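Remarks on the structure that follows.
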Amino acid sequence: MAEFFIGILSGTSMDGIDAALVDFPPQPALAASYSLKFPEDLRAELLALAVPGDNEIDRLGRADVRLGRLFAQAINDLLARAKVSPAQVRAIGSHGQTIRHRPGGAAPFTLQIGDPNVIAAATGIPVVADFRRKDMALGGQGAPLVPAFHDAVFRQAGTDRVIVNIGGIANLTVLPGDAARPILGFDTGPGNTLLDGWSRRILREPMDRNGAFAAKGRVQPGLLAGFLHDPYFSQPPPKSTGPEYFSADWLQRHLDKAGELAPADVQATLLALTARSISDSILQQPGLHRPDVFVCGGGAHNGALMRSLAENLPGAAVAPTDNLGVPVEWVEAMAFAWLARQRLHAKAGNCPLVTGATRPAVLGGIWLPG
Ligand SMILES: Nc1ncnc2c1ncn2[C@@H]1O[C@H](COP(=O)(O)OP(=O)(O)O)[C@@H](O)[C@H]1O
Ligand SMILES: [Mg+2]
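Going by the working numbering, the first residue of the sequence shown is number 1, and it counts up by one from there.
So, in structure tokens, the structure goes:
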């Protein structure tokens, strides 16, 4: 019997909330979708909470509740538009908003906020949340979690495929056409986060639409080489990262060394960094035979970035996931609907080879409205 799940998240771009209503007959199909922008003050607070600051506990407590309310509002609006009642939805998979991700060190941790109690109370629907910490408790990175979903919906016998998700951070999933070979996946590094940051700083715009600003500049080889020299790029997987690492400070340290540069040249070089760190990661995969590369996430809307990626991967076809029937904007939200379903069916949600966890595990807790 068909069953509805909702997946909801706000990604590291902090551009807003994406909610997807997903039907499982049992292959996941997008039934409806809805996006909600953050009020600018909440967005500013979330960005501020992503780096160490003053009075963090109070600020985090308030943001947790405000975000929970906004998630609930997005879900209620989604259901009203789709004319689906809460009773028809088995569960909401809520990723939350990551405000800190520190997978290294003696006490690794990851923190997603958007209180699931608030969401359950305001929607009347069970909520599955806190997806990442079980994987971390088992020695994993807690990220990326989307590869298991990519495996379930995008794998094709006989053809090697790579799925690239270009959000704030970019991650990829290798789906071998040979069923005997395992899937792989990891965060490749910055997706849009540095491009957005520079665009905000120079253009006062939240993004470089279609990469038009980058297209006005010229890639600076010395700066690009300096970027790519960062140890993250040569670190073997499992690995994951966040905008707290690839931050405005990270960029500034490189710019200080580079001397005077035109702002458009910096943007062009940042775009080249995103494209190169993704394409290098793909080219370094052993045994991949002319893979078909499918891109999702907001970065798929950046024409200049898509062209740069295709140029770096001669012989490979580079296309948006729309060509596989899943719109680029909704892959990640659908993945969290799928992960919620995995949780309710007591099935694993992680890929130990991807995250580095010691074993497959059922991910997330359940918050009931009753
Ligand atoms: N038309 C566009 N041109 C260039 N970049 C875009 C466009 N649309 C979206 N993006 C980029 O995609 C980002 C949002 O992508 P998204 O997949 O939502 O990331 P996240 O999961 O981190 O929130 C924006 O911040 C922006 O950088
Ligand atoms: Mg987003």
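We treat Cβ as the ideally placed atom computed from N, Cα and C, and that holds for glycine. Remember, it's a predicted structure, so these values are computed and weren't measured experimentally.
If distances are taken between C-alpha atoms only, which option among the options comes closest to residue i?
i                 : options                           : result
glycine 158       : Pro144, Thr173, Gly167 and Arg181 : Arg181
serine 33         : Val293, Leu9 and Pro39            : Leu9
valine 22         : Ala348, Gly349 and Leu339         : Leu339
lysine 134        : Ile113, Phe109, Leu344 and Lys83  : Phe109
aspartate 178     : Asp151, Gly259 and Pro28          : Asp151
proline 103       : Gly189, Ile17, Asn192 and Ser240  : Ser240
alanine 215       : Met306, Pro238 and Ile169         : Met306
valine 174        : Arg155, Gly167, Gly168 and Leu228 : Arg155
glutamine 88      : Phe5, Pro231, Arg218 and Gln220   : Phe5
glycine 68        : Gln112, Glu56, Ala106 and Leu344  : Gln112
glycine 259       : Gln220, Ile169, Pro320 and His345 : Gln220
arginine 253      : Asp265, Pro243, Ala262 and Phe227 : Phe227
threonine 193     : Phe186, Asp208 and Ile183         : Asp208
valine 266        : Phe213, Gly61 and Asn302          : Phe213
arginine 290      : Asp160, Gln27 and Gln342          : Asp160
histidine 101     : Ala63, Asn312 and Asp187          : Asp187
glycine 185       : Leu145, Met334 and Val153         : Leu145
leucine 138       : Ala300, Ala107 and His345         : Ala107
isoleucine 202    : Ala262, Leu60, Ala72 and Phe24    : Ala262
arginine 59       : Val84, Ile99 and His95            : Ile99
glycine 70        : Asp18, Val295 and Pro327          : Checking the sequence, you will find leucine at residue 70 rather than glycine. Checking every option, the nearest Cα to that of leucine 70 belongs to Asp18.
proline 320       : Phe294, Met334, Ala333 and Pro314 : Phe294
phenylalanine 233 : Asp256, Glu311, Leu30 and Gln284  : Gln284
leucine 251       : Pro238, Met136, Gln235 and His229 : His229
valine 84         : Gly217, His95 and Ala31           : Ala31
leucine 255       : Gln235, Gly222, Pro243 and Pro231 : Gly222
proline 237       : Lys257, His301 and Gly142         : Gly142
arginine 343      : Asn55, Ala122, Glu56 and His95    : His95
Specify the secondary structure class of residue i as computed by DSSP and reduced to three states.
i                 : result
serine 199        : helix
leucine 194       : helix
valine 362        : coil
phenylalanine 294 : strand
asparagine 165    : strand
tyrosine 232      : helix
serine 281        : helix
aspartate 41      : helix
arginine 138      : Before going further, note that residue 138 is leucine rather than arginine in the sequence given. Leucine 138 falls in the coil class under three-state DSSP.
alanine 20        : strand
alanine 143       : coil
glutamate 205     : coil
arginine 62       : helix
alanine 215       : helix
lysine 239        : coil
arginine 155      : coil
aspartate 256     : helix
valine 84         : coil
threonine 355     : helix
leucine 313       : coil
leucine 288       : coil
Taking the Cβ atom as the reference point for each residue, do residue i and residue j lie within a distance shorter than 7 Å?
i                 : j              : result
serine 308        : alanine 268    : no
valine 404        : isoleucine 278 : Residue 404 lies beyond the residue range present for the chain, which begins at 1 and ends at 370; the question has no answer from this structure.
glycine 124       : glutamine 97   : no
alanine 129       : proline 116    : yes
glycine 11        : alanine 20     : no
asparagine 210    : glycine 297    : no
alanine 272       : leucine 324    : no
threonine 355     : glycine 140    : yes
leucine 42        : arginine 66    : yes
alanine 337       : glycine 93     : yes
alanine 120       : proline 286    : no
alanine 317       : aspartate 292  : yes
arginine 90       : glutamate 205  : no
phenylalanine 131 : glycine 364    : yes
serine 13         : glycine 189    : no
tryptophan 367    : valine 127     : yes
glycine 299       : glycine 191    : yes
methionine 334    : proline 28     : yes
glutamate 45      : alanine 63     : yes
Using the DSSP secondary-structure output, state which residues sit across from residue i in a beta bridge.
i              : result
glycine 185    : Thr173
arginine 133   : Answer is none; arginine 133 lacks a bridge partner.
isoleucine 92  : Ile6 and Val127
proline 320    : Val295
arginine 100   : Leu111
alanine 32     : Leu21
tryptophan 367 : Val127
Against chain D, with Cβ distances strictly below 7 Å, would residue i count as a contact?
i          : result
serine 279 : Among the chains in the structure shown there is no chain D, since it carries only a single protein chain.
For the pair the stretch 188 to 201 and the stretch 244 to 262, tell me if three or more CB-CB distances fall below 8 Å. In short, these stretches touch, since the Cβ pair count reaches three.
Does the pairing of the stretch 77 to 85 with the stretch 49 to 69 give three or more beta-carbon distances under 8 Å?
-> Touching, no.
If we count Cβ pairs, one from each stretch, closer than 8 Å, do we get three or more for the stretch 348 to 357 versus the stretch 37 to 45? The stretch 348 to 357 is not in contact with the stretch 37 to 45.
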